[in-house]
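Asker:
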Amino acid sequence: MSRDSRLVLAGIIVSLISVIMGSVLLSQSAETLDKVAEHFDVEATSIWNPPIPDYEIPGYEGDVQANIAVGVASTFLVFAATLLVGRGLSRRIRAGAGETSALTEG
């Protein structure tokens, strides 16, 4: 396994551990802003309806396992998008380097 592959794998593992620990620990913490809003008797109003409001799947609010599943899926989605962009950019850079060397040789 190459050094780059090990580094990517380590990054994914750290990300997944962070998602799991964050979901477990933060699911029990009180939201400070919500407490302040309750104190001043203020209710939130949405500007738009996000697909996953409050980072929880509708119907599974407070379910730690569902939050972990969403976090893991999001981690892999961001990883895949980053990998695709990186590969696209590296191809573009390699293609540009070939053009530059052809120009300097001729």
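In the working numbering, each number is its position in the sequence shown, counted from 1, plus 7. Virtual Cβ for every residue (Gly too), placed ideally from N, Cα, C. Predicted model, so just to flag it, every value in this text is computed and none were measured.
Are at least three pairs of beta-carbons, each pair with one atom in the region 39-56 and one in the region 75-91, less than 8 Å apart?
Answerer: no
Asker: For V49, does the count of other Cβ atoms within 10 angstroms reach 16, so buried, or fall short, so exposed?
Answerer: Reading the sequence shown from its first residue, position 42 is the one you call residue 49. Answer is exposed; the Cβ neighbour count stays below 16.
Asker: CA-CA distance, A102 and I27?
Answerer: Translated into positions along the sequence shown, residue 102 becomes position 95. Translated into positions along the sequence shown, residue 27 becomes position 20. Answer to the nearest angstrom: the Cα atoms are 40 Å apart.
Asker: Hey, how far is the Cα of G18 from the Cα of I24?
Answerer: Counted from its first residue, the sequence shown places residue 18 at position 11. Counted from its first residue, the sequence shown places residue 24 at position 17. About 10 Å.
Asker: Here's a check: name, in chain order, each residue in its chain whose Cβ is nearer than 7 Å to the Cβ of S30, leaving out the five neighbours to either side.
Answerer: Start at 1 with the first residue of the sequence shown, and residue 30 comes out as number 23. Once the five neighbours on either side are set aside, the close Cβ partners of S30 are V71, N74, I75, G78.
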